[in-house]
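Comments concern the structure below.
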Amino acid sequence: MARGNRRTAAAARHRLLPAGRVAGPMPWIIAIMMFLTVLAAAAGLGLGTAVRAMSADLAGRATVQVVEADTQQRDRLVVRVQQALRGNRDVRQVTPVPAATLAEQLRPWLGQDVASGDLPIPALIDVSLTPGDAKAKVDRLRRALAGLSPSLRVEPHAAFLAPLAGLLTAMGWLSGGLVLLMGLATGAVVVLAARGAHDSHRVTIEVLHLMGATDVQIARLFQRRIALDATMGGALGFSFATLVILVIGVRLSATGSQLMGAVALPWASWVLLAALPIAGILLSTLTGRWTVLRALRRSL
Amino acid sequence: MSAIVQFENVGLRYGLDSETLSDVSFSLNSGDFYFLTGSSGAGKTSLLKLLYLAQRPSRGVIRMFGEDVVTLPRKRLPGFRRRIGVVFQDFRLVPHLSAYDNIALPLRVAGMDEGEIDAPVSEMLNWVGLGDRGQARPATLSGGEQQRVAIARAVIGRPEILVADEPTGNVDADMARRLMTLFEALNRLGTTIVVATHDLPLMAQVASAQMMRLDKGRLADPTGALRYPPRPQGGA
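Protein chains in written order, with UniProt numbering: chain A, 1 to 300; chain B, 1 to 236.
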């Protein structure tokens, strides 16, 4: 009974402003904003995951190049290098790259002659380092191998992909910036809509004021409408964005690329994405309330 | 009788125009009935605006319910406004609300429980002869019906002061008499009534009423118990 009364009272209070939205296109604008915000955030989070995965994968790896033109000397040197690496406490795993694999990878650039042995191709040994400061370990490795031969080069994998990782990181920050800008734009839209609504209901507001309604009572009416519009728009925008993210995810997986495959959204990222519409509703509601309260304070 | 309203040398100016009200001083006693009269443009509506706290004066002091409302913080105004009922000249009914909801407005603003609202609103609707028009929107009501809704809305919260701007301008003579009877009944219950009107027969109907007359923004020639100015200006 009490709940029924409260519901009736709430319904009666809500009737104080005309039914309908605060401003016609507001839910649609919020839906578009939310759609773009979720996409930008998903891109940022996905790229962040990729960069972290790439860094974790590459930071602990290096390649030892045995740059020796004489095949027999090179093969002997490869054996000695492997022995030295296996005895090094910074090395977890040593994997020589088979000559055939190397030749296969170089064939598009060097042609069929690459397999003939006429071209001096360096031997490569992949090295996985033990966890820890990869840069220091690589430096120690360089010093350790320097005594074996001057034709040995140790290249950390992180160095190869550092520019790409930098690009992905920059894109991640750009996505973060876009999310921030979208938030500001959403706030601005709400401010304009709330001002418009305040102006169009000026007479009703004046009557309510003269009957003793407080600013907070009046602001609550607008706040509720804005929250409803933001909820509608937020839900719509988030749903479409989720659909698009899922489709893009399927497409990325279909490329079969290791790099593209690394652009993934773990569950924590989905939680963050799901929090965006909630944050959007809160932002809109609070902005709307603040705008209306400011406008009301200008009257007596 | 204690003074519920006191004006001391009140002046009101809109923008850079000359004063709409000048040196207005009077006091209204709690539980008395007042008519405010004067020609069009004399400043009646401006004076009423000061009374129902829609406007602050440009100068002077206004005390209501024992407090200076000129310097009253804005956040305290709602509490004062809830003690004042207003019948606007242009009714100012909320267009999207039914007659019932318009009349219930002051009770809802005051936070009255919804279960306690129906009885007084229905009674008030019946009293102003609109018992069967409760769900009608203002746009579908005649001018007289709208005015009756406006009056019902002003009195339903049993205000301590009722301010009415030409409340009988759009109703027939019979309804005007009934409304005056309602105002008198409220007055007997202790509500101070201030009615701005040109209607002399209406004023004659309330024998106990006092009259204030505005002329070019100044209170002049009181014919009732009011004295204006309190002392002759210039200290004669």
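All C-beta atoms in this analysis are idealised placements derived from N, C-alpha and C, irrespective of residue type, glycine included.
Residue i burial status per 10 Å Cβ neighbour count (16 or more: buried)
i, result
"A:A275", "exposed"
"B:R231", "With a pLDDT of only 37 at B:R231, under 50, the local geometry of the prediction cannot be trusted, and no value is derived from it."
"A:R143", "exposed"
"B:K44", "buried"
"B:Q135", "exposed"
"B:L16", "exposed"
"B:E67", "exposed"
"B:G38", "buried"
"A:V271", "exposed"
"B:T197", "buried"
"A:D215", "buried"
"A:Q83", "exposed"
"A:V51", "buried"
"B:Y34", "buried"
"B:G147", "Residue identity check: residue 147 of chain B is Gln in the sequence provided, not Gly. With 16 or more Cβ atoms within 10 Å of its Cβ, B:Q147 is classed as buried."
"B:S2", "exposed"
"residue 372 of chain A", "Because chain A in this structure spans residues 1 to 300, residue 372 of chain A falls outside the shown range and cannot be described."
"B:R153", "buried"
"A:G237", "buried"
"A:F160", "exposed"
"B:N126", "exposed"
"B:N9", "exposed"
"B:V195", "buried"
"B:A150", "buried"
Residue-level contact to chain B via CB, residue i, 8 Å cutoff
i, result
"A:A165", "no"
"A:V191", "no"
"A:T49", "no"
"A:T204", "yes"
"A:L210", "yes"
"residue 322 of chain A", "The requested residue 322 of chain A is not part of the displayed model; chain A covers only 1 to 300."
"A:L178", "no"
"A:V207", "yes"
"A:L300", "yes"
Residues bridged to residue i [DSSP beta-bridge criterion]
i, result
"A:P96", "A:I125"
"B:D165", "B:A196"
"B:Q6", "B:S27, B:R63"
"B:F35", "B:V195, B:M211"
"A:A62", "A:V127, A:P156"
"B:V84", "Note on identity: in this sequence residue 84 of chain B is Ile, with Val being the wrong assignment. DSSP, once it has assigned bridges, lists B:I161 as partnering B:I84."
"A:V91", "A:L129"
"B:G11", "B:R59"
"residue 238 of chain B", "The structure shown does not extend to residue 238 of chain B, since chain B spans only 1 to 236, so no value can be given for it."
"B:R218", "B:D215"
"B:D68", "B:R63"
"B:L21", "B:L12"
Test: residue i CB closer than 8 Å to a CB of chain A
i, result
"B:G11", "no"
"B:P106", "yes"
"B:R148", "no"
"B:A110", "yes"
"B:R92", "yes"
"B:R63", "no"
"B:R213", "no"
"B:R133", "no"
"B:R218", "no"
"residue 242 of chain B", "What is shown of chain B runs 1 to 236, which leaves residue 242 of chain B out entirely."
"B:R188", "no"
"B:P232", "Below a pLDDT of 50, predicted positions are generally treated as unreliable, and B:P232, at 40, falls in that range; no measurement from the model is reported."
Any non-hydrogen atom of the ligand PLP within 7 Å of residue i CB
i, result
"B:R137", "By its list of ligands, the structure shown contains no ligand whatsoever, and the ligand PLP lies outside what it can speak to."
Selection of the region 45-60 of chain B by Cβ proximity to chain A, strictly under 8 Å: Listed in chain order, the positions of the region 45-60 of chain B with a beta carbon within less than 8 Å of a beta carbon of chain A are Y52, L53, A54, Q55, R56.
Output needed in chain order: residues of the region 268-293 of chain A with a Cβ under 7 Å from some Cβ in chain B. Shown here is that no member of the region 268-293 of chain A has a Cβ falling below 7 Å from a Cβ of chain B.
Using a Cβ cut-off of 9 Å, which residues of the region 212-230 of chain A contact any Cβ in chain B, in chain order? The region 212-230 of chain A vs chain B, Cβ under 9 Å: G212, A213, T214, D215, Q217.
Can you list, in chain order, the residues of the region 68-79 of chain B whose Cβ is nearer than 8 Å to any Cβ on chain A? If the cut-off is 8 Å between Cβ atoms, the region 68-79 of chain B has R74, K75, L77, P78, G79 near chain A.
Of the residues that make up the region 155-184 of chain B, which ones have a beta carbon closer than 9 Å to any beta carbon in chain A? Cβ contacts with chain A come from G157.
Any alpha helix (DSSP H) of 4 or more consecutive residues that is wholly inside the region 169-219 of chain A: The DSSP assignment places complete alpha helix (DSSP H) segments of no fewer than 4 residues inside the region 169-219 of chain A at 202-210, in order along the chain.
Can you give me, in chain order, the residues of the region 118-143 of chain B that have a beta carbon less than 8 Å from any beta carbon in chain A? Of all residues in the region 118-143 of chain B, none has a Cβ within less than 8 Å of some Cβ in chain A.
Inside the region 257-292 of chain A only - alpha helix (DSSP H) runs reaching at least 4 residues: Qualifying alpha helix (DSSP H) stretches, in chain order: 258-262.
What are the uninterrupted segments assigned as alpha helix (DSSP H) that are 4 or more residues long and contained completely in the region 106-150 of chain B, given in chain order? List check, alpha helix (DSSP H) in window: 118-127.
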